[in-house]
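Residue numbers (this note's numbering), protein chains in the order written: chain P, 7 to 197; chain E, 15 to 634.
Rendered as structure tokens:
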């Protein structure tokens with residue numbers, strides 16, 4: 007008889023990493039539900055067509071760059087380049103925050119164009135955009151919180167611990183919210 | 015194994031236990047052991063007890079509204095004493111009636127049969143049956159229970175708000191759910207209903223993520239997927255269904271909240287409402303909600319029934335002393351059910367003006383699900399065939415499950431056909447169908463599991479005689495309640511009517527409804543036998559003297575009688591075979607831990623096997 011547990015699960019994903027993958031599948035289903043509702047709803051009467059705010063293009067570039075910095079942060083962590091890792095994690099968190107701010111700014115642009123997201127007089131097409139983009143932004147904020155946690159851990163830990171799993175988990179999640187945004191951006195641009 | 019290897023294995027065991035909650039080697043306070051516990055077994059029991067409390071509340075509600083249905087013109091002054099203004103002049107008010115039916119459906123489906131059934135057995139069984147010390151994330155597991163508990167408290171709170179709980183049906187269709195002015199319960203009651211259900215969804219997601227990750231990642235050595243007991247397969251696949259379908263319901267709820275409070279028009283349109291005038295919304299459509307709701311709503315049926323199917327298979331094989339018939343077919347049919355469950359939601363919407371061609375596709379897909387269901391029934395029957403059956407209460411409930419599953423399943427062929435559904439939609443036929451196939455059947459699965467695993471949960475036995483009486487009253491009661499409803503439904507009696515006696519055509523059902531209501535009261539009262547048996551046995555039941563009282567092959571029975579946090583005090587056993595080696599090679603049973611070809615090796619025998627070998631006169 008032998009003992010088998012996390013430490014001996016060679017060849018298997020770390021359970022926490024696996025939890026994340028299943029969790030991401032679940033998040034995908036939520037957005038699939040919302041975007042499919044969007045597709046169904048747009049065939050109904052009084053659907054309003056409007057272009058996405060231009061700032062969304064910039065925010066798309068920002069989140070793509072943040073994904074790149076996250077990738078480099080993980081690479082440097084694995085190479086024991088602690089200083090570079092800290093800088094890159096900081097840049098990623100800042101870019102994440104910038105992304106959320108730009109998204110918010112996008113909605114003010116829409117408001118200036120007279121497109122009302124919520125309230126009486128709003129149109130379902132704008133409301134969908136508000137809710138879906140808002141929910142995505144909430145997921146990005148969750149990612150920023152996770153980034154901050156590993157950031158402070160990197161600065162606060164006296165003893166060097168090179169357990170790469172938590173950083174890998176945050177990196178996977180960050181790439182996920184990036185890909186999710188690309189999907190949403192393309193979805194809203196072409197449907 | 016030499017001494018050094020033993021020390022290394024022990025150290026590894028402690029290391030692993032350290033990750034997931036220390037095997038017997040750390041002190042826990044009352045709070046960390048019984049309340050905010052991270053031990054999957056305790057969390058399973060917490061789900062069970064909470065589910066039982068909700069089953070009593072939900073059952074009591076059905077007794078109350080059945081009083082109205084059985085005696086539509088009678089007054090019961092004592093009712094006013096008990097439930098106050100809900101029963102004005104001794105008669106339940108229409109608002110209270112609709113609240114009772116709504117909350118009965120909500121709590122029975124979500125808090126009892128989802129939280130209570132799958133929450134209990136997934137938590138309790140998965141790590142024990144696959145050979146893990148705990149779930150992938152014990153913290154998330156604990157949170158899943160406390161989200162569930164908070165959701166229950168919020169739902170309970172809705173009874174005490176001035177305008178009462180939500181009363182628009184458990185499906186919460188707009189506009190009744192979207193308009194605050196639709197009915198008294200559509201105000202705060204609906205907000206609390208939504209808050210409760212959203213927390214419930216979060217709880218289910220946290221739990222489901224854990225179940226899936228644990229099963230796929232933390233199985234002991236030798237425990238391949240095709241060596242897992244069917245009860246674990248059942249809860250694993252219901253988790254897959256849950257994590258993929260609950261988020262869609264969640265998105266539907268988000269849109270509903272925005273329609274209710276932020277002036278959006280997803281479900282509401284510029285409809286004219288008497289006393290209110292035309293709404294200021296534009297272009298919304300309630301059918302959209304139905305699509306989103308039933309995308310979860312139909313898989314929910316299988317979220318409820320899959321764990322019951324797994325439990326029943328497990329108990330049937332163990333108590334029938336026969337290998338499960340067609341293990342692979344059982345697993346594959348569950349997979350087929352999971353896939354098809356996502357493709358049939360629109361059969362709930364045949365009368366919404368669905369395109370007839372689309373409707374026929376959903377008819378086909380719906381009827382297809384009968385194939386894997388029939389395979390399972392066939393395999394259960396062939397497992398019982400010529401078995402050496404031991405009629406424990408658990409086994410009786412397993413057989414009872416198959417019986418009600420067949421009865422309820424056959425009527426699914428009628429309800430799944432759009433042409434027939436147009437006639438029987440929203441009648442008592444539908445109520446009878448789904449109560450038998452997923453309500454009673456799932457309850458039977460739950461009872462089966464509780465009677466079977468009670469010794470493992472509490473180290474004591476339940477009383478068998480009380481179990482038998484409980485079974486027979488419940489089985490007969492269930493049929494007497496739901497069979498006549500098919501007849502009522504075919505004759506056109508609609509569901510959700512507070513007082514049907516005003517219609518000449520439905521007056522003929524007064525006597526039949528009275529009979530059903532009396533049966534409901536008797537069957538509900540019989541459940542107190544189970545409650546007494548359960549709670550009394552926890553403290554006073556006959557103590558377990560052997561760790562494997564049912565002579566089961568599964569891994570959970572290799573743990574000590576009183577299992578600590580971490581499940582196995584030393585090493586986690588290795589698995590060498592599938593879980594259904596009963597009556598094989600001259601042995602009554604061969605545990606999964608016995609290597610192939612080592613059946614007679616005393617090193618692999620537990621106390622019961624040694625006892626049995628001695629009785630046979632073999633030298634051990």
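For every residue, glycine included, the Cβ atom is placed at its ideal position computed from N, Cα and C.
Terminal residues of the continuous beta strand (DSSP E) containing residue i?
i: residue 4(E); result: The question about residue 4(E) has no answer, for chain E in this structure spans 15 to 634.
i: residue 598(E); result: 596 to 598
Would you kindly work out how many angstroms separate the C-alpha atoms of residue i and residue j, rounded to a whole number?
i: residue 203(E); j: residue 541(E); result: 29 Å
i: residue 42(E); j: residue 583(E); result: 16 Å
i: residue 597(E); j: residue 135(E); result: 27 Å
i: residue 35(E); j: residue 149(E); result: Confidence at residue 35(E) is low in this model, with a pLDDT of 41, below 50, so its placement is unreliable and no value can be given for it.
i: residue 339(E); j: residue 423(E); result: 21 Å
i: residue 231(E); j: residue 159(E); result: 22 Å
i: residue 69(P); j: residue 106(P); result: 9 Å
i: residue 294(E); j: residue 132(P); result: 17 Å
i: residue 369(E); j: residue 330(E); result: 44 Å
i: residue 180(E); j: residue 191(P); result: 38 Å
i: residue 617(E); j: residue 623(E); result: 11 Å
i: residue 140(E); j: residue 600(E); result: 30 Å
i: residue 188(P); j: residue 66(P); result: 7 Å
i: residue 576(E); j: residue 225(E); result: 23 Å
i: residue 166(E); j: residue 56(E); result: 18 Å
i: residue 175(E); j: residue 270(E); result: 21 Å
i: residue 72(P); j: residue 135(P); result: 23 Å
i: residue 64(P); j: residue 145(P); result: 19 Å
i: residue 128(P); j: residue 43(P); result: 17 Å
i: residue 518(E); j: residue 111(E); result: 22 Å
i: residue 186(E); j: residue 402(E); result: 48 Å
i: residue 85(P); j: residue 22(P); result: 23 Å
i: residue 252(E); j: residue 89(P); result: 46 Å
i: residue 160(P); j: residue 28(P); result: 27 Å
i: residue 248(E); j: residue 161(E); result: 23 Å
i: residue 304(E); j: residue 259(E); result: 14 Å
Would you mind working out which of the options sits nearest residue i, comparing C-alpha positions?
i: residue 307(E); options: 268(E), 285(E) and 58(E); result: 268(E)
i: residue 450(E); options: 535(E), 496(E), 128(E) and 409(E); result: 496(E)
i: residue 392(E); options: 349(E), 408(E), 407(E) and 341(E); result: 341(E)
i: residue 375(E); options: 359(E), 452(E), 154(E) and 456(E); result: 359(E)
i: residue 355(E); options: 178(E), 312(E) and 475(E); result: 312(E)
i: residue 83(P); options: 172(P), 187(P) and 182(P); result: 172(P)
i: residue 61(P); options: 108(P), 37(P), 53(P) and 45(P); result: 108(P)
i: residue 635(E); options: 228(E), 361(E), 81(E) and 414(E); result: No information on residue 635(E) is available, as it lies outside the stretch 15 to 634 that chain E covers here.
i: residue 337(E); options: 182(E), 259(E) and 241(E); result: 241(E)
i: residue 70(E); options: 546(E), 252(E), 507(E) and 383(E); result: 546(E)
What is the C-beta distance between residue i and residue j, in whole angstroms, given that I count them as a contact (C-beta under 8 Å)?
i: residue 277(E); j: residue 130(P); result: So it is not a contact: roughly 11 Å between Cβ atoms.
i: residue 366(E); j: residue 430(E); result: The pair is not a contact, with the Cβ atoms about 16 Å apart (cut-off 8 Å).
i: residue 199(E); j: residue 113(E); result: 6 Å
i: residue 130(E); j: residue 65(E); result: 2 Å
i: residue 477(E); j: residue 551(E); result: 6 Å
What first and last residue would you give for the alpha helix (DSSP H) that runs through residue i?
i: residue 437(E); result: 432 to 438
i: residue 446(E); result: 442 to 448
i: residue 477(E); result: Per DSSP, residue 477(E) belongs to no alpha helix (DSSP H) and is neither H nor E.
i: residue 275(E); result: 244 to 275
i: residue 308(E); result: 300 to 334
i: residue 575(E); result: Unbroken run through residue 575(E): none, as it is neither H nor E.
i: residue 139(P); result: 130 to 162
i: residue 8(E); result: Chain E is shown only over 15 to 634; residue 8(E) falls outside these bounds and no answer can be derived.
i: residue 541(E); result: 524 to 554
i: residue 514(E); result: First-last for residue 514(E): undefined, no H or E at that position.
Determine the chain B residues that contact residue i at a beta-carbon separation under 8 Å, and present them in chain order.
i: residue 82(P); result: Of the chains in the structure shown, none is chain B; the protein chains are P and E.
Let me check you understand the geometry: is the CB of residue i closer than 7 Å to at least one non-hydrogen atom of the ligand FMN?
i: residue 141(E); result: Questions concerning the ligand FMN fall outside what the structure shown contains, since it holds no ligand whatsoever.
For the stretch 136 to 152 of chain E against the stretch 582 to 600 of chain E, do three or more pairs of beta-carbon atoms, one drawn from each stretch, fall closer than 8 Å, so that the two count as touching?
Result yes; three or more Cβ-Cβ pairs closer than 8 Å.
Counting Cβ pairs closer than 8 Å, one from the stretch 437 to 454 of chain E and one from the stretch 493 to 509 of chain E, do we hit at least three?
Yes, they touch.
The stretch 202 to 220 of chain E / the stretch 121 to 135 of chain E touching (three or more Cβ pairs under 8 Å):
Contact holds: three or more Cβ-Cβ distances are below 8 Å.
Determine, using beta-carbon pairs with one atom in the stretch 75 to 93 of chain E and one in the stretch 103 to 113 of chain E, whether at least three such pairs fall under 8 Å.
Taking a contact to require three or more Cβ pairs closer than 8 Å, the stretch 75 to 93 of chain E and the stretch 103 to 113 of chain E qualify as touching.
Indicate whether the contact test is met: 3 or more Cβ pairs, each with one atom in the stretch 155 to 171 of chain E and one in the stretch 256 to 264 of chain E, closer than 8 Å.
Too few Cβ pairs lie closer than 8 Å, so no.
Pairing CB atoms from the stretch 314 to 330 of chain E with CB atoms from the stretch 452 to 469 of chain E, are three or more of them under 8 Å?
Contact holds: three or more Cβ-Cβ distances are below 8 Å.
Would the stretch 91 to 107 of chain P and the stretch 134 to 154 of chain P be scored as touching if the rule is three or more Cβ pairs under 8 Å?
With a cut-off of 8 Å, the stretch 134 to 154 of chain P and the stretch 91 to 107 of chain P count as touching, because enough Cβ pairs lie within range.
Taking 8 Å as the cut-off, does the stretch 518 to 533 of chain E touch the stretch 481 to 499 of chain E (at least 3 CB pairs, one atom from each stretch)?
The stretch 481 to 499 of chain E, when compared against the stretch 518 to 533 of chain E, does touch it at the 8 Å Cβ threshold.
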